[in-house]
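These protein sequence lines map, in sequence, to chains A and B. Just remember that the numbering used here sits 4 ahead of the position in the first sequence, which is counted from 1. Just remember that the numbering used here sits 4 ahead of the position in the second sequence, which is counted from 1. Here's the structure, in structure tokens; my notes come after.
Number of protein chains: 2
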Amino acid sequence: MTPVDFRLSTRAQALKASEIRELLKLVGKPSMISFAGGIPDPALFNLGLFQAACHEAFGGPQVAREALQYSTTEGYLPLRQWIATHMQSLGVPASPDNVLVTTGSQQALDLIGKLLIDPGSTVLTTRPTYLGALQSFSAFEPGFADIDAPQAIGADPARLAYVMPDFANPTGETMSRVARLRTLEQARQLNAVIVEDAAYTALRYDGVALPSIAALDANGASDLESTRTLYSGSFSKTLSPGMRVGWVCGPTSLIRKLTMLKQGADLHTSTVNQMVIHQVAAAGFDDQVQRIRSVYRSRRDAMLAALARYAPPGMTWSRPEGGMFVWAELPGHIDAAELLQRAIRADVAFVPGGAFFPDGSGRNTLRLSFALCDEARIEVGIFKLCELIGHTAMAKAASA
Amino acid sequence: MTPVDFRLSTRAQALKASEIRELLKLVGKPSMISFAGGIPDPALFNLGLFQAACHEAFGGPQVAREALQYSTTEGYLPLRQWIATHMQSLGVPASPDNVLVTTGSQQALDLIGKLLIDPGSTVLTTRPTYLGALQSFSAFEPGFADIDAPQAIGADPARLAYVMPDFANPTGETMSRVARLRTLEQARQLNAVIVEDAAYTALRYDGVALPSIAALDANGASDLESTRTLYSGSFSKTLSPGMRVGWVCGPTSLIRKLTMLKQGADLHTSTVNQMVIHQVAAAGFDDQVQRIRSVYRSRRDAMLAALARYAPPGMTWSRPEGGMFVWAELPGHIDAAELLQRAIRADVAFVPGGAFFPDGSGRNTLRLSFALCDEARIEVGIFKLCELIGHTAMAKAASA
């Protein structure tokens with residue numbers, strides 16, 4: 005049968021299949037050493053706490069009926085209370101009214117795009133930046149400008165600056181306190197909203213935590229009403245990504261509008277998932293974070309050590325203080341997307357860095373996640389990958 | 005502290021708080037007789053099946069880790085297979101590739117709006133129509149035109165026609181086979197996509213099921229590739245709304261694009277929820293539907309009988325063959341939103357019909373859900389409400 009030629013929206017006409025999706029499918033192959041996804045190691049999920057929380061949610065008829073029923077768009081109150089307390093511990097004077105529970109932190113980005121972006125308006129991001137943020141925001145047809153060169157902006161002054169200050173996806177970099185204050189000042193001058201994506205913030209392995217931009221923004225205030233930071237948090241990297249529970253915290257003037265937009269997007273986040281995540285977080289968030297930090301720290305160390313041992317001349321890489329990613333630049337203008345094809349045949353996967361640049365640059369960069377593999381597999385994978393890069397560089401040099 | 009005056013997108017500037025949200029909050033008050041939400045009776049949830057399915061999802065470490073991990077955007081394959089078989093039983097030759105699992109059927113509407121609507125393009129709906137569809141689509145700034153008077157359309161020919169053929173929200177009406185074929189023919193002439201919202205389709209109490217528009221569209225074909233209907237299904241009215249699991253089924257050319265848009269919206273629907281809904285549906289979907297049909301049928305009969313007994317002169321109402329709603333028109337130009345304020349003081353709630361009209365008409369209409377209350381409470385609630393309407397009509401007549 006012949007497919008119909010439908011008239012799609014302008015945004016949908018621009019949609020392209022993402023390489024990431026195809027890569028994620030490879031993770032399931034047992035022989036594959038995957039440095040690809042920003043995926044937690046499932047062996048670290050706290051199954052006991054989840055089992056207990058589910059048992060509780062379905063323990064008696066009354067609570068089970070609540071768990072299976074519709075609930076309010078803003079989210080389950082005990083969870084919003086837990087999140088508000090968590091935000092307070094980070095120096096952000098939040099109340100539950102400042103918190104909207106989202107279907108993963110990805111949804112926060114979608115709702116924020118809906119709230120702020122008109123076609124042609126400008127979004128400031130780092131280059132590179134989180135691919136999922138580019139995907140979410142792109143649906144509302146903005147232009148992207150480099151947050152470090154904002155003079156290169158079109159007609160509409162930026163309304164939105166998106167940053168990931170701690171252990172950024174994809175670079176693993178951490179913004180200094182000065183850089184955070186500069187971003188805040190820049191946003192104030194532009195009257196822009198800052199989206200502070202804190203997906204990896206809990207996963208610090210070295211050094212001292214820096215204040216979040218939300219905390220700097222609220223500095224000394226008793227509430228968030230005159231602030232401009234939307235802090236986007238996630239349980240995906242700490243407790244479980246499959247539960248799809250995240251949050252956004254900010255001034256109620258914005259949170260209320262985001263809540264209305266969420267109602268049209270999915271009515272509310274699954275009731276039972278919010279109840280379970282609340283139970284698990286209340287019972288053991290800090291312990292869980294301590295536990296996974298120590299595992300991921302060793303894996304980061306193993307990856308950095310293997311890179312130091314095997315990297316060919318001209319290859320450079322970041323040394324992240326936390327998170328899941330090392331960011332590398334390849335020598336000799338090697339195209340990372342081409343390299344990936346050969347790497348996959350050698351049972352190693354990563355994400356080519358070009359996907360993280362709004363303008364398609366960065367073709368000789370790649371993102372390596374150390375979260376999913378143990379130290380021995382990291383050693384083997386980095387060895388294989390570096391060997392492949394070395395061969396490719398030599399072949400390029402020979403044919404040049 | 006002074007709130008900041010942010011520059012919001014055009015769509016966000018037009019956002020208004022919904023009366024529905026406030027109404028839903030009243031449902032929790034024990035003395036309230038609520039005819040307001042399209043909310044299933046939680047006493048009818050099959051707790052045993054959900055408990056068993058959760059137990060299975062967390063039964064062993066391997067399956068529990070899968071349940072808590074990221075999964076693919078298109079959805080859990082066994083669930084997509086179950087849905088494809090379900091669609092086949094409705095005369096729609098679907099394969100799992102025709103199915104995208106969504107975070108409730110509300111998300112399907114959001115994604116379809118993103119896929120098809122540019123600012124100013126036209127969406128055809130019945131008048132009145134589902135409030136949540138108006139909310140979802142409005143975020144993409146279309147104009148709305150009456151599907152029964154499509155000549156009244158602006159510059160852009162309609163790309164999208166939204167209908168709920170079975171026991172529509174809010175009217176309870178069912179489209180005849182002839183009307184379904186006419187809608188299909190109209191969409192073909194316009195080259196528009198039909199969104200067939202089947203949220204209530206399983207809840208038929210009388211008469212014989214009519215073929216879905218998706219089935220009429222695919223009539224005799226071996227696959228869906230030349231069809232134009234996106235069938236939006238939901239487990240919310242049959243198994244559980246709190247799980248937030250729905251689906252959209254249609255030609256792969258559209259399903260693939262919707263999948264890309266979903267990736268930016270929330271990555272994927274909760275893994276464990278898909279596994280649990282699959283288990284529950286596989287174990288007892290048909291039995292559950294039989295059971296709730298018989299309960300809701302009695303409640304519908306109780307509401308229609310009470311209306312026949314107590315309705316004041318000039319009040320008219322629909323006689324639905326299924327679903328959850330009776331639609332009423334009030335005599336003497338009574339404003340249903342005003343009536344609601346007094347009804348709430350008398351512990352009865354409903355939804356004023358005006359909210360379901362894109363143009364704000366229908367102020368003398370209201371939607372009554374019979375799903376949540378038992379027969380005795382329906383009797384009392386309808387008595388109180390009719391008394392209030394009668395008094396209001398008399399007072400209006402006296403003051404005229």
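C-beta: ideal position from N, C-alpha, C; glycine also.
Identify the continuous beta strand (DSSP E) that holds Asp394/B and give its terminal residues.
-> Along the second sequence, read from residue 1 onward, the residue named residue 394/B stands at position 390. According to the sequence displayed, residue 394/B carries Gly and not Asp. Careful: Gly394/B lies outside any beta strand (DSSP E), inside the alpha helix (DSSP H) at Glu379 to Ser403.
Could you tell me whether the Cβ of Lys241/A comes closer than 8 angstroms to any Cβ of chain B?
-> Position 237 of the first sequence, counting from 1, holds the residue named residue 241/A. No, its Cβ sits nowhere closer than 8 angstroms to a Cβ of chain B.
Under the assumption that Gly52/B contacts Ser274/A (Cβ atoms under 8 angstroms), give the Cβ distance between them as a whole number of angstroms.
-> Within the second sequence, numbered from 1, the residue matching residue 52/B stands at position 48. Within the first sequence, numbered from 1, the residue matching residue 274/A stands at position 270. Not confirmed; about 20 angstroms, so no contact.
Which value, in whole angstroms, describes the spacing of the CA atoms of Ala306/B and Ile151/B?
-> Counting from one through the second sequence, the residue named residue 306/B turns up at place 302. Counting from one through the second sequence, the residue named residue 151/B turns up at place 147. The alpha-carbon atoms of Ala306/B and Ile151/B are separated by roughly 33 angstroms.
Under a CB-based cut-off of 8 angstroms, is Val330/A close to chain B?
-> If you number the first sequence from 1, residue 330/A lands on position 326. No, Val330/A lies away from the interface with chain B (no Cβ there is under 8 angstroms from its Cβ).
Would Arg371/B count as contacting chain A if we go by Cβ distances under 8 angstroms?
-> In the second sequence, residue 371/B corresponds to position 367, counting from 1. So, not an interface residue.
Terminal residues of the continuous alpha helix (DSSP H) containing Leu220/B?
-> As a working mapping, residue 220/B is identified with position 216 in the second sequence. Counting along the chain, the alpha helix (DSSP H) containing Leu220/B begins and ends at Ile217 to Asp221.
Given Thr133/B, which residues of its chain have a CB within under 7 angstroms of its CB, disregarding the five upstream and five downstream residues?
-> In the second sequence, residue 133/B corresponds to position 129, counting from 1. Setting aside the 5 residues that flank it on each side, Thr133/B is surrounded in the same chain by Tyr166 and Phe360, each with a C-beta closer than 7 angstroms to its C-beta; the list follows chain order.
Is the Cβ-Cβ distance between Leu128/B and Arg181/B less than 8 angstroms?
-> Numbered from its first residue, the second sequence carries residue 128/B at position 124. Numbered from its first residue, the second sequence carries residue 181/B at position 177. The answer is no: Cβ separation not under 8 angstroms.
Simplified DSSP state of Leu51/A, which is helix, strand or coil | Locating residue 51/A in the first sequence gives position 47, where the first residue counts as 1. Helix.
What residues in its chain sit with their C-beta under 6 angstroms from that of Leu104/B, if we drop five residues either side in the sequence?
-> Numbered from its first residue, the second sequence carries residue 104/B at position 100. Spatial neighbours of Leu104/B in its own chain (CB-CB distance under 6 angstroms, excluding positions within 5 residues in sequence) are listed in chain order as Glu78, Val252, Ile259, Leu262 and Thr263.
Residues near Leu243/A in its chain [Cβ-Cβ closer than 6 angstroms; skip 5 each side] = Locating residue 243/A in the first sequence gives position 239, counting from the first residue. Take Leu243/A, set aside five residues on each side of it, and the residues of its chain with a beta-carbon closer than 6 angstroms to its own are Val284, in chain order.
Hey, does Tyr166/B have any beta-carbon neighbour from chain A nearer than 8 angstroms?
-> The count along the second sequence starts at 1 and reaches residue 166/B at position 162. Tyr166/B does not count as touching chain A.
Can you give me the start and stop residues for the beta strand (DSSP E) that Glu200/B sits inside?
-> Taking the first residue of the second sequence as 1, we reach residue 200/B at position 196. Here the beta strand (DSSP E) through Glu200/B covers Val197 to Asp201.
Based on the DSSP output, what are the partners of Asp351/A in its beta bridges?
-> Within the first sequence, numbered from 1, the residue matching residue 351/A stands at position 347. Per DSSP, none; premise fails for Asp351/A.
In three-state DSSP terms, what is Asp150/B?
-> Along the second sequence, read from residue 1 onward, the residue named residue 150/B stands at position 146. Residue state, collapsed to three classes: strand.
Residues of the stretch 185-199 of chain A with Cβ closer than 8 angstroms to any Cβ of chain B, in chain order = Asn195 and Val197
Indicate whether the contact test is met: 3 or more Cβ pairs, each with one atom in the stretch 226-245 of chain B and one in the stretch 110-122 of chain A, closer than 8 angstroms.
-> no
Is it the case that the CB of Arg349/A approaches a heavy atom of the ligand GTP more closely than 7 angstroms?
-> This structure lacks the ligand GTP, and indeed carries no ligand of any kind.
Cα-Cα separation, Arg15/B to Pro123/A = Within the second sequence, numbered from 1, the residue matching residue 15/B stands at position 11. Within the first sequence, numbered from 1, the residue matching residue 123/A stands at position 119. Using only the alpha carbons, I get a separation of about 11 angstroms.
Three-state secondary structure assigned by DSSP to Arg371/A | Stepping through the first sequence from its first residue, residue 371/A is reached at position 367. Three-state DSSP puts Arg371/A in a strand.
Per DSSP, what kind of secondary structure is Arg192/A in: helix, strand or coil?
-> Here residue 192/A is taken as the residue at index 188 of the first sequence, counted from 1. Note: Arg192/A maps to helix in three-state DSSP.
Which of helix, strand or coil DSSP assigns to Ala172/B = Here the question's residue 172/B lines up with position 168 in the second sequence. Ala172/B falls in the coil class under three-state DSSP.
Could you tell me which residues DSSP puts in a beta bridge with Thr129/B?
-> As a position in the second sequence, residue 129/B is number 125, starting the count at 1. Paired residue(s): Asp150/B and Tyr166/B.
Within the 8 angstroms Cβ cut-off, does Gln92/A reach chain B?
-> Along the first sequence, read from residue 1 onward, the residue named residue 92/A stands at position 88. It does not; no Cβ of chain B falls within 8 angstroms.
Touching or not, the stretch 368-381 of chain A and the stretch 320-335 of chain A, by the rule of three or more beta carbon pairs under 8 angstroms?
-> yes
What residues in the stretch 74-103 of chain B have a beta carbon less than 8 angstroms from any beta carbon of chain A?
-> Tyr74, Ser75, Thr76 and Thr77
Express the C-alpha separation of Ala315/A and Ala401/A in angstroms, rounding to a whole number.
-> Locating residue 401/A in the first sequence gives position 397, counting from the first residue. Locating residue 315/A in the first sequence gives position 311, counting from the first residue. Cα to Cα, Ala401/A sits roughly 17 angstroms from Ala315/A.
Below-8 angstroms beta-carbon distance, Asp291/B vs any chain A residue | Within the second sequence, residue 291/B is the residue found at index 287, counting from 1. False, the Cβ-Cβ gap to chain A never drops below 8 angstroms.
At which residues does the alpha helix (DSSP H) containing Phe62/A begin and terminate?
-> Mapped onto the first sequence, residue 62/A falls at position 58. Phe62/A -> no alpha helix (DSSP H), and no H or E assigned at all.
Look at the alpha carbon of Arg303/A and the alpha carbon of Asp291/A, and state the distance between them as a whole number of angstroms.
-> Taking the first sequence and counting its residues from 1, one reaches residue 303/A at position 299. Taking the first sequence and counting its residues from 1, one reaches residue 291/A at position 287. Answer to the nearest angstrom: the Cα atoms are 19 angstroms apart.
When burial is assigned at 16 or more other CB atoms within 10 Å of the CB, is His282/B buried or exposed?
-> Taking the first residue of the second sequence as position 1, residue 282/B is located at position 278. Result: buried.
Show which residues of chain A have a CB atom less than 8 angstroms away from the CB atom of Ala16/B.
-> Counting from one through the second sequence, the residue named residue 16/B turns up at place 12. In chain order: Lys118, Leu119, Leu120, Lys261 and Leu265.
For Thr1/A, name the three-state secondary structure that DSSP assigns.
-> Only positions 5 to 404 of chain A appear in this structure, which leaves residue 1/A out of reach.
Three-way DSSP call (helix, strand, coil) for Pro123/A in this model = Mapped onto the first sequence, residue 123/A falls at position 119. Here Pro123/A carries a coil assignment [DSSP, helix/strand/coil].
State the DSSP-derived secondary structure class of Thr256/A, mapped to helix, strand or coil.
-> Start at 1 with the first residue of the first sequence, and residue 256/A comes out as number 252. DSSP places Thr256/A within a helical segment (H, G or I) once states are collapsed to three.
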